[in-house]
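Data first, discussion second: the structure below is written as structure tokens.
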Amino acid sequence: LPAAVVAGGNFTRIGEEEVAAIKNETGTELRLDTAVRIDFEKPVMWLGNKRLLPLIVSLGSRAQSPPVTLCTTYMDDKIRLALAAKGGRLVFTRGGKATRAFASDWQTIEGKRPLSGGVVGT
211 LPAAVVAGGN
221 FTRIGEEEVA
231 AIKNETGTEL
241 RLDTAVRIDF
251 EKPVMWLGNK
261 RLLPLIVSLG
271 SRAQSPPVTL
281 CTTYMDDKIR
291 LALAAKGGRL
301 VFTRGGKATR
311 AFASDWQTIE
321 GKRPLSGGVV
331 GT
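Residue numbering for the sequence shown follows this note's numbering, beginning at 211 and increasing consecutively.
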């Protein structure tokens, strides 16, 4: 049974004051020119064939992840390296599973409303 969990996010560029506050709080120096905060939306899950009539269910009343603040430290046509505000290091790559047919399935449910009623989890 095909399934996917999708949580959208909104990117906001952060300014010099917030970058300085992060450095004071965590010791992490983010690059001002690429620093962003990502605020996640509440996740939804779809089950079933995306072309017929998938079952779409809300997985909570609010975002399951707190905002993430990071900056890009290196990027070329195959890889992007990022540094998170709390010091975590992230590697994003092109290709692999991202190029497979199911990698864009999230677009099928974007904007569709989950079933009415209660939510799964809180």
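Where a beta carbon is used, it is the ideal one built from N, C-alpha and C, also for glycine.
These numbers were taken from a predicted model, which means no experiment stands behind them.
Identify whether Ile-232 lies in helix, strand or coil by the three-state DSSP scheme.
helix
Kindly indicate the opening and closing residues of the beta strand (DSSP E) around Gly-219.
219-223
Since Asp-249 is in the beta strand (DSSP E), which residue starts that stretch and which ends it?
246-250
Test item: CB-CB of Leu-269 and Val-215 under 8 Å
yes
Residue burial classification, Ile-289 (beta-carbon count within 10 angstroms, cutoff 16)
exposed
What is the rounded straight-line gap between the Cα of Ser-275 and the Cα of Tyr-284?
25 Å
Terminal residues of the beta strand (DSSP E) in which Arg-299 lies:
299-303
In the DSSP assignment, the beta strand (DSSP E) including Arg-290 goes from what residue to what residue?
289-294
Leaving out five residues before and five after Ala-273 in sequence, what residues of the same chain have Cβ atoms less than 8 Å from its Cβ?
Ala-217, Asp-249, Phe-250, Glu-251, Lys-252 and Pro-253
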